[in-house]
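Here's the structure, in structure tokens; my notes come after.
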Amino acid sequence: MNADAKAGVKDSVREQDLLQSGGFGRSTNSARAGFLPISLEHAPLGALSGLEVYIRVKPAGQGAAEQPRADDSTPGFRLYCKSSMRFTEVHRRRLAESGVKFVYIKIADQSRFRQQNEAHLLEAVNDPVLAIAQKSTLVYETSVELMNELLAEPDTILKSPRLEKVSRAITTLVMNDPSAFSHLFAASYHDFYTATHMVNVATWMVPVAYEMGYHDPEELGRICQAGILHDMGKTMVSQHVLNKAGKLSDEDWAQIRRHPEAGCEYLSRFSGVHPLILTVTRQHHERMDGTGYPAGLKGDQIDPVSRICAVVDSFDAMTAFRPFKEKTLGVGEALMILNKETPAKYDPKVVAVWMRLMKKAEQVQNQAGPQAAHGAAAGAAEGASPVVGGERRQGNARRTFHCAGRAHVLVAEKGGLTEQPALPIIAHSISCSGLGFLSQAPLTPGEFIRVYLQAKGWDNRPLEGQTVRSRTYNDSWYEIGMKFANAKNELLVESPMTTAQAA
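My numbering numbers the first residue of the sequence shown as 38 and each following residue consecutively.
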């Protein structure tokens, strides 16, 4: 580390404060120790059934409470509940009262935990103890995990009842609580990876449809599945085209424009796929004035549910980061465009409902404060300004970009803080208060980290702070939210976006 970088460390992080915080153990990174953090607040109790549940403890001499020990316990972790015991609400309450926010499972148990989490999703939605924000986050993230599996093994998932079960949980959530949309919107990612886009469209279509008079649970379930599967044709589009940086060629666009019919053709092979799902898959890019594709349908020729899909699909496309876009629009800009292009391209009734729901979402988030907006944009952190769909207010502007980098966990050792080996990351959004990035290790919330962006002029300038969110993104990556150590990182919002985007 050069002199400038060392000076930056002293400016942005007071090492003595970190050393006294109790945030360090002998092994700070739970992933390296073989453990995965699980939110004590959000996880359904049934998802931990049959798994060994661990807690993290402070090293000796730091005032750690005595906890049950495992014969083969890893330093820094203690076995709290054996696999033969049932992890109950009593356990959760006791840990919460002691200030514990995360429990840990072995990384080898991750697949089983996901399956059990999904199986108990409806139970969690109907749990009177869980708040609507917690339920929404759980439903959203479980759905994203299922979508990643769907894209990897579509034949297997489409033949199973799993899509139907997740759709039932989403529709139940919406029907049980009128504020569900606001919290589902706050929980959403805005990166336009296919899996998250499919979940965004599904979880937004259901509240719109419900507001428009679709109250039958089975019908809402089909609408939800239509939202989930509407972009299945994208799996037939070259990954090179989908992830291509810069302007797409005419040939690229021609390939993308084939995805509605390709998806419909693929889904029609499965006997359990309802005709409505096929219709929405084929029609979600049709427009009211006939300028859409693939058939150039107009007005009433377009199914009403397809018109709902067209609005929310377009909104997510406008506000999400995509490699070939020069600019990602904020919520306000996207809503203005929807208004401007209505009724020419979009159904006025659908747009009116969407505007009303978005207004409610903004009101709910502003009333709840920053805690409610934790998932609205990568990089959103505790203590940040309220976020609505990726737009930050009160001067804390969030910028979307795409930049490689590396992260180092800081470990307390004799003589000060030591950087652990680098973890490759992909940073994708930044604000005055935090950074959002993807990592191949599930960093534990509360860990102190130092990040270097691989952009011109920034390799030797560390960004330092604390992880405040760590959640599964797909089988290989985790989405991390980092809160900066202090306001000095505010300088980042002024200049590096252009260099980071160019990297």
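Every residue gets a Cβ at the ideal spot worked out from N, C-alpha and C, and that includes glycine. Given the structure is predicted, the values throughout are model-derived calculations rather than measurements.
Determine the burial state of residue i: buried for a count of at least 16 other Cβ atoms within 10 Å of its Cβ, exposed for fewer.
i: Pro244; result: buried
i: Asn213; result: exposed
i: Val90; result: buried
i: Ser74; result: Contrary to the premise, residue 74 reads as Pro rather than Ser in this sequence. Buried, by the Cβ-count rule.
i: Val46; result: Any reading at Val46 needs caution, since the residue's pLDDT is 33, under 50, leaving its predicted position unreliable; the model's value is listed next. By the 10 Å Cβ count, Val46 comes out buried.
i: Val166; result: exposed
i: Asp384; result: buried
i: Lys377; result: exposed
i: Met373; result: exposed
i: Thr356; result: buried
i: His277; result: exposed
i: Lys382; result: buried
i: Glu399; result: buried
i: Pro479; result: buried
i: Lys284; result: exposed
i: Thr209; result: buried
i: Arg205; result: buried
i: Ser225; result: buried
i: Ser351; result: buried
i: Thr328; result: exposed
i: Pro312; result: exposed
On a CA-only basis, which of the options is nearest residue i? Give me that one, please.
i: Tyr251; options: Gly442, Gly333, Pro341 and Val388; result: Pro341
i: Gln147; options: Gly309, Thr179, Ala291 and Met273; result: Thr179
i: Leu88; options: Glu255, Val274 and Ile144; result: Ile144
i: Gln503; options: Leu490, Val488 and Lys520; result: Lys520
i: Ser76; options: Leu82, Phe139, Gly113 and Ser120; result: Phe139
i: Leu304; options: Lys335, Thr328 and Leu266; result: Leu266
i: Ser275; options: Ala263, Gln262, Arg294 and Leu480; result: Arg294
i: Ser308; options: Cys440, Arg508 and Asp192; result: Asp192
i: Met184; options: Glu302, Gly442, Phe150 and Gly264; result: Gly264
i: Lys397; options: Leu175, Ser120 and Ala217; result: Ala217
i: Ile142; options: Ser121, Ala133, Leu116 and Leu158; result: Leu116
i: Ile260; options: Val203, Trp514 and Lys335; result: Val203
i: Glu160; options: Val176, Ala459 and Val94; result: Val176
i: Glu302; options: Gln457, Gly473, Val448 and Gln320; result: Gln320
i: Arg149; options: Cys440, Ser135 and Ser120; result: Ser120
i: Leu158; options: Ile517, Glu134 and Arg199; result: Arg199
i: Leu490; options: Ser470, Glu516 and Ala459; result: Ala459
i: Cys440; options: Glu456, Phe474 and Gln457; result: Phe474
i: Ala151; options: Ala371, Pro215 and Glu186; result: Here residue 151 turns out to be Arg, not Ala, going by the sequence shown. Answer by Cα proximity: Glu186.
Consider the Cβ of residue i: report whether some Cβ of chain C lies at a distance smaller than 8 Å.
i: Leu188; result: The structure shown contains no chain C; it holds only a single protein chain.
Is it the case that the Cβ atoms of residue i and residue j are separated by a distance below 8 Å?
i: Ala84; j: Asn163; result: no
i: Ala246; j: Ile207; result: no
i: His220; j: Ala170; result: yes
i: Glu201; j: Gly258; result: yes
i: Leu188; j: Thr125; result: no
i: Arg131; j: Ser86; result: no
i: Ser476; j: Ile467; result: no
i: Gly297; j: Thr318; result: The sequence shown places Pro at residue 297, rather than the Gly named in the question. For Pro297 and Thr318, yes; Cβs fall inside 8 Å.
i: Thr379; j: Val368; result: no
i: Val505; j: Ala444; result: no
i: Lys281; j: Asp289; result: yes
i: Val310; j: Val236; result: no
i: Val94; j: Gly71; result: no
i: Met273; j: Ala299; result: yes
Give the DSSP bridge partners of residue i, in chain order.
i: Val507; result: Checking the sequence, you will find Ser at residue 507 rather than Val. Paired residue(s): Ile517.
i: Tyr91; result: Leu116 and Tyr141
i: Pro461; result: Arg443
i: Pro74; result: Tyr141
i: Lys281; result: DSSP, once it has assigned bridges, lists no residue as partnering Lys281.
i: Arg487; result: His445 and Glu501
i: Lys335; result: Asp326
i: Glu456; result: Leu447
Assuming residue i and residue j form a contact by the criterion Cβ under 8 Å, report the distance between their Cβ atoms to the nearest whole angstrom.
i: Met19; j: Ile345; result: Examination of residue 19 is not possible in this model, given that the chain is present from 38 through 540 alone.
i: His234; j: Asp353; result: 6 Å
i: Val349; j: Met249; result: Actually they do not touch by this definition, with Cβ atoms about 12 Å apart.
i: Gly442; j: Ala464; result: 5 Å
i: Gln262; j: Ile314; result: 6 Å
i: Leu447; j: Leu472; result: Contact doesn't hold; Cβ gap of about 15 Å is too wide.
Taking 7 Å as the cut-off, is the beta-carbon of residue i closer than that to any non-hydrogen atom of the ligand ATP?
i: Gln400; result: Although the ligand ATP was asked about, the structure shown includes no ligands whatsoever.
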